[in-house]
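First the structure, in the form of structure tokens, and then the observations on it.
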Amino acid sequence: MTQRSSTQRLIVIGNGMAGARTVEEILARNGDFQITMFGDEPYGNYNRIMLSNLLAGVEDEAGIFLNDLSWYADNNITLHAGVRISKIDRSKKFVIAEDGTKTPYDKLIIATGSSSWTPPIKNIHNPKRGFHQGVFAFRTLDDTRGMIRYARDHERAVVIGGGLLGLEAARGLQNHLSHVTLLHAMGHLMERQLDERAGKMLQASVEGKLGIEVVTNAMTTEILGKDRVTGVKLADGREIPCDVVVIAAGIRPNTQMVADSGLAVERGIVVDDQMRVQGQDDIYSVGECAQHRGNLYGLVAPLWDQAKVLADHITGRDVEAAYTGSKLSTKLKVAGIDVASMGLIEPETDDEVIIYNEPKKGVYKQLIIRDGVLAGAILVGDNRKAANLIQAFDRAQALPEERAEMLFDIGGPAGEVAPADMPDDAQVCNCNGVSKGAICGVVNAGCKTVSGVMDKTRAGKGCGTCKPLVQRIVEWAAGGEAEEDPAASWYVPGVPMPKPELMAAIRKYELKSVSAVFEKLVPGGEHDAKSKMGLASLLKMMWADQYEDERDARFINDRVHGNIQKDGTFSVVPQMKGGVTTPAELKRIAEVAEKYKVPMVKLTGGQRIDLLGIPKEQLPAMWADLDMPSGYAYAKSFRTVKTCVGSDFCRFGVGDSTALGIAIEERFQGLEGPGKMKLAVTGCPRNCAEAYVKDLGVVAIDGGKWEIYVGGAAGAHIRKGDLLATVGSAEEVIQLTGRFLQYYRENANWLERTYAFVPRVGIERIREIVVEDSDGIALELDAAVEEAVQSYKDPWKERAVPATPGQFRTSLPLTVLPQVPVRA
Amino acid sequence: MTIAPVEKTVLGPLEEIPFGEGRTYAVGDEMIAVFRLRDGSLRAVSAVCPHKGGPLADGQIDNKVVVCPLHLYAWDLATGCSQSGQPPIDVYPVRVDGDQIILGD
Chain D
221 MTQRSSTQRL IVIGNGMAGA RTVEEILARN GDFQITMFGD EPYGNYNRIM LSNLLAGVED
281 EAGIFLNDLS WYADNNITLH AGVRISKIDR SKKFVIAEDG TKTPYDKLII ATGSSSWTPP
341 IKNIHNPKRG FHQGVFAFRT LDDTRGMIRY ARDHERAVVI GGGLLGLEAA RGLQNHLSHV
401 TLLHAMGHLM ERQLDERAGK MLQASVEGKL GIEVVTNAMT TEILGKDRVT GVKLADGREI
461 PCDVVVIAAG IRPNTQMVAD SGLAVERGIV VDDQMRVQGQ DDIYSVGECA QHRGNLYGLV
521 APLWDQAKVL ADHITGRDVE AAYTGSKLST KLKVAGIDVA SMGLIEPETD DEVIIYNEPK
581 KGVYKQLIIR DGVLAGAILV GDNRKAANLI QAFDRAQALP EERAEMLFDI GGPAGEVAPA
641 DMPDDAQVCN CNGVSKGAIC GVVNAGCKTV SGVMDKTRAG KGCGTCKPLV QRIVEWAAGG
701 EAEEDPAASW YVPGVPMPKP ELMAAIRKYE LKSVSAVFEK LVPGGEHDAK SKMGLASLLK
761 MMWADQYEDE RDARFINDRV HGNIQKDGTF SVVPQMKGGV TTPAELKRIA EVAEKYKVPM
821 VKLTGGQRID LLGIPKEQLP AMWADLDMPS GYAYAKSFRT VKTCVGSDFC RFGVGDSTAL
881 GIAIEERFQG LEGPGKMKLA VTGCPRNCAE AYVKDLGVVA IDGGKWEIYV GGAAGAHIRK
941 GDLLATVGSA EEVIQLTGRF LQYYRENANW LERTYAFVPR VGIERIREIV VEDSDGIALE
1001 LDAAVEEAVQ SYKDPWKERA VPATPGQFRT SLPLTVLPQV PVRA
Chain Z
2 MTIAPVEKTV LGPLEEIPFG EGRTYAVGDE MIAVFRLRDG SLRAVSAVCP HKGGPLADGQ
62 IDNKVVVCPL HLYAWDLATG CSQSGQPPID VYPVRVDGDQ IILGD
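Keeping their order, the protein sequence lines are chains D and Z.
Using this note's numbering, read the first sequence as starting at 221 and increasing by one per residue.
Using this note's numbering, read the second sequence as starting at 2 and increasing by one per residue.
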């Protein structure tokens, strides 16, 4: 018996775009496999999308090949081109080719793709030679070659199928014949991507600009002509003369051989999130033939994603890598006309729909917005906003209040300046002083993701208002090659998971410390400094007092319970609930300020007294002398409740805002969240406490009622909060406040303030959950926030015994450090 | 990468630096931040952020970088190179001898 090498034998059935791409991804991960590929077609792999260009004569054959035969040789891949596999023997682990040869495998990838679908049409086939002479499918290089050869000597073509492929075929055929008719069985073109109005607009452009005749509701029933095609007949009896027929009526996955081999096949080959064929350990499927979570994908972007996951998994780079499905969007030129489409085509009753229609120019735009996020978009005739819309759709981003901004470049403030018009030294980020030139320099050096550029330049990392402009500059500088940042949807940059999956994994594996999360959920267990604070906050929210605190996971503010200032000193802010204090407290604060020679005593916007410029090493002594609780002017946490005078003294006050503000602050003090939470309660709609622009603002109205507003802001972003509910008692205000804060804590992205969170989720949805309890989770939210508030401990109490050695030692030469003696 | 020349100096007991954190030492005219990584190894770099003078020893670290607490600019702890468009910082040889931190070769 020969000794078997540790190198595994990998067979890939299918040498098309999915199969070859998967192999490329495996090679890029240094996968240790001896690879054999079988391809139905007698070529190396080529870009099927480019067949339209080949037909249209704008590309030659050499230009459409992705990997020529030398690539296979260079990578030690054995290619059997033109050899079809007829069966997979799962029990003995080999594949049988049509020529009878058997090839054993350890791992098998099925990437058999799809074939052109032929509708049931009389006379379409000739019993002796396949298709009737003059009838072509449009799927392979051979199809395309045959079509070009035949079309040269003929005059009139009919293309059956008014989808993307049919339109491309019709446009391409115009280069070879004088007359092309496009027949579509449905009522309008591209009905899967476009609504009726957009489809009609496209039809008008195709007919008017290109001279292609389009017939809709055209069900072809028969090919006319005995020896050669003379025309086609439609179900309504019409006859259309032609001498070439091209079928582009759709595709069907190639699964027959796989089903015959006893593998799970429904519409496609059924795979799990690792692209493993259902019930199989060593057999995978990827591309158009694979059915994932009930979906088949016929576009390249999902296929690329699948190839990456499969490669990560099979090479052991990340065995738990998971493909979770793709949101489909297309942006292309259909027969020379700009078209983009994503998501829903038709709105439902409650959806917000924005339509712009300019038939004379052939421009049509439609947006469907559901629950505040883009659920669908169609653009015909003008694709300039397509990239932004696809991004908003993919990432479920918050949308601008002014919806028209999504469809047009509306003249406005600096945010709308075109990158090309800006001088290189124009300052883009006013917080961190980053110029357009600096951003372009990073892009030119090879960093083409927005977040990568932001990381490297710090642009957009201050108040954040310049982020859209940074994005436009990156896209412009990258010449349309800006790359999707895979980390854009992750909760923190160092753990590759969106928040819901991250929380599920944390619960599943009971990960109670930040390092446990890195070690379990990051490939290679790599820690990431920039992710620590977000993870610490999340874990504390999830586990309350079971959270295992690690000091190095804390930001410096949370290590010393003060807000770091520009010179490395800290600010000390004692708690002053609802902005109310006493002469005794004021006196004590004044005495401490004098004793420690505090450089600045300042009233804050949140109605507290800020003692600024305190050296780190003085913090414990000051806390002891003050003997007041921490006011939490640091951390991503509940900060303060601003109040007005309310009903005690104010002539107009209709509710006791001061008492309610104090009660709310007392209950939720120190509560951590994804962002800071600033609240206010005001005693009448005159709104002296500015409650309309707080994360949560409460307004007393006449009749003993309270209005609760959420999602307001008056910082770098300004937004009036949305009315969540009007209630009749202070107790209800406190209950809904806790419930809303908990829902926000559980569902917002890291550093996502409520002004972004509320419009993203939608106030109606939040109201359903928080007020109406539509999802039946209100009691859970109440219980979770109760558990969190019960675990509150005043951090300033730890002053007597520092948590770590040197916790309060200075880090800058503010005072003379003890000099380390240098040896002579 | 600039490995700054420094005379051999005993900075003090290792236990002064918790795992995953940094502390600042004054050595001659230099302010040097020493970090103790979670794997136990040490890194030493200039203590003052060249961007706006932030205290790097107060920054968060992982096994590769330190992030300044003021504006979150990041530096590679092994090379001193900036990851965010700033000048590099100095790095110093540092090691443990017994329970003492030794700066310099």
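Ideal Cβ placement from N, Cα and C applies to all residues, glycine included.
Practice task
Answer yes or no: does any C-beta atom of chain Z fall closer than 9 Å to that of Glu951(D)?
Solution key: no
Practice task
Decide yes or no for the touch test of the region 832–848 of chain D against the region 1016–1025 of chain D: beta carbon pairs closer than 8 Å, at least 3 of them.
Solution key: yes
Handout entry: C-beta neighbour in chain Z for Arg1019(D), strict 9 Å
Key = no
Problem - Touching by the beta-carbon criterion (3+ pairs, under 8 Å), the region 605–617 of chain D and the region 556–564 of chain D - result: yes
Practice task
Report buried or exposed for Leu999(D), applying the criterion of at least 16 other Cβ atoms within 10 angstroms of its Cβ.
Solution key: Under a 10 Å Cβ-count criterion, Leu999(D) is classified as exposed, with fewer than 16 other Cβ atoms of the shown protein chains found around its own Cβ.
Problem - Classification of Met626(D) by the beta-carbon crowding that lies within 10 angstroms, buried from 16 upward - result: Buried is the call here.
Practice task
Please classify Ala702(D): does DSSP put it in a helix, a strand, or coil?
Solution key: DSSP places Ala702(D) in coil when its eight states are reduced to three.
Practice task
Using a cut-off of 8 Å between C-beta atoms, extract the partners of Phe775(D) located in chain Z.
Solution key: Gln61, Pro70
Handout entry: chain D within 9 Å of Leu57(Z), Cβ atoms only
Key = yes
Exercise for the section: Answer yes or no: do Val648(D) and Ala616(D) have a C-beta to C-beta separation smaller than 9 Å? Expected result: Judged by beta-carbon spacing, Ala616(D) lies beyond the 9 Å limit of Val648(D), meaning their Cβ atoms are not closer than that value.
Exercise for the section: Count the CB pairs spanning the region 353–372 of chain D and the region 526–538 of chain D that are closer than 8 Å, and state whether there are at least three. Expected result: no
Practice task
Show which residues of chain A have a CB atom less than 8 Å away from the CB atom of Leu73(Z).
Solution key: Considering every chain present, this structure includes no chain A. Its protein chains are D and Z.
Handout entry: CB contact below 9 Å: Gly21(Z) versus chain D
Key = yes
Practice task
Answer yes or no: does any C-beta atom of chain D fall closer than 9 Å to that of Gln84(Z)?
Solution key: With a threshold of 9 Å between beta carbons, Gln84(Z) makes contact with chain D.
Handout entry: Spatially closest choice to Ile102(Z) from Gly29(Z), Ser42(Z), Pro6(Z), by CA coordinates
Key = When Gly29(Z), Ser42(Z), Pro6(Z) are compared, the shortest CA-CA separation from Ile102(Z) is found for Ser42(Z).
Practice task
With a 10 Å radius around its C-beta and 16 neighbouring C-beta atoms as the bar for buried, classify Phe872(D) as buried or exposed.
Solution key: Phe872(D) comes out exposed.
Practice task
Could you tell me the distance, in whole angstroms, from the CA atom of Arg310(D) to the CA atom of Ser481(D)?
Solution key: 8 Å
Practice task
Can you give me the Cβ contacts of Gly23(Z) inside the same chain, cut-off strictly under 8 Å, excluding the 5 residues immediately before and after it?
Solution key: Ala34, Val35, Phe36, Arg37, Leu57, Ala58, Asp59, Gly60, Ile62, Val67
Problem - Residue interval of the beta strand (DSSP E) (run including Met32(Z)) - result: 31–37
Problem - Under the three-state DSSP convention, the category Cys864(D) falls into - result: coil
Handout entry: Spatially closest choice to Arg326(D) from Val315(D), Ser336(D), Ala879(D), by CA coordinates
Key = The sequence as given places Asp at residue 326(D); Arg does not occur at that position. It is Val315(D).
Practice task
Could you give the DSSP three-state label for Leu402(D): helix, strand or coil?
Solution key: strand
Practice task
Give a yes or no on contact between the region 538–545 of chain D and the region 253–268 of chain D, applying the rule of three or more CB pairs nearer than 8 Å.
Solution key: no
Handout entry: Within 9 Å, strictly: CB atoms of Thr194(D) and Lys898(D)
Key = Look at the range of chain D in this structure, 221 to 1044, and you will see that residue 194(D) is not part of it.
Handout entry: Residues that Glu433(D) bridges to, as DSSP identifies them
Key = Thr401(D)
Practice task
Closer than 6 Å by C-beta to Lys896(D): which residues in its own chain qualify, once you throw out the five before and the five after it? Chain order, please.
Solution key: Lys856, Arg859
Practice task
Could you tell me the distance, in whole angstroms, from the CA atom of Val1009(D) to the CA atom of Tyr576(D)?
Solution key: About 50 Å.
Practice task
Name the residue from Thr440(D), Ile467(D), Pro461(D), Gln827(D) whose alpha carbon lies nearest to the alpha carbon of Ala455(D).
Solution key: The shortest C-alpha separation from Ala455(D) is found at Thr440(D).
Exercise for the section: Tell me where the alpha helix (DSSP H) around Gln423(D) begins and ends. Expected result: 416–425
Practice task
List the residues that DSSP assigns as beta-bridge partners of Lys553(D).
Solution key: Asp558(D)
Problem - Cβ of His747(D) within 9 Å of any chain Z Cβ - result: yes
Handout entry: chain D residues whose Cβ lies nearer than 7 Å to that of Val66(Z)
Key = Ala749
Exercise for the section: Measure the C-alpha to C-alpha separation of Asp748(D) and Phe738(D) and round it to an integer number of angstroms. Expected result: 8 Å
Handout entry: Against chain D: residues of the region 24–37 of chain Z by CB proximity under 8 Å
Key = Arg24, Thr25, Tyr26, Ala27, Val28, Gly29, Met32, Ala34
Exercise for the section: Per DSSP, which residues does Lys585(D) bridge with? Please list them. Expected result: BP columns for Lys585(D) point to Tyr576(D), Leu599(D).
Exercise for the section: Give the C-beta separation of Val466(D) and Tyr370(D) to the nearest angstrom, bearing in mind that I take them to be a contact with Cβ-Cβ under 8 Å. Expected result: 10 Å between Cβ atoms; not a contact.
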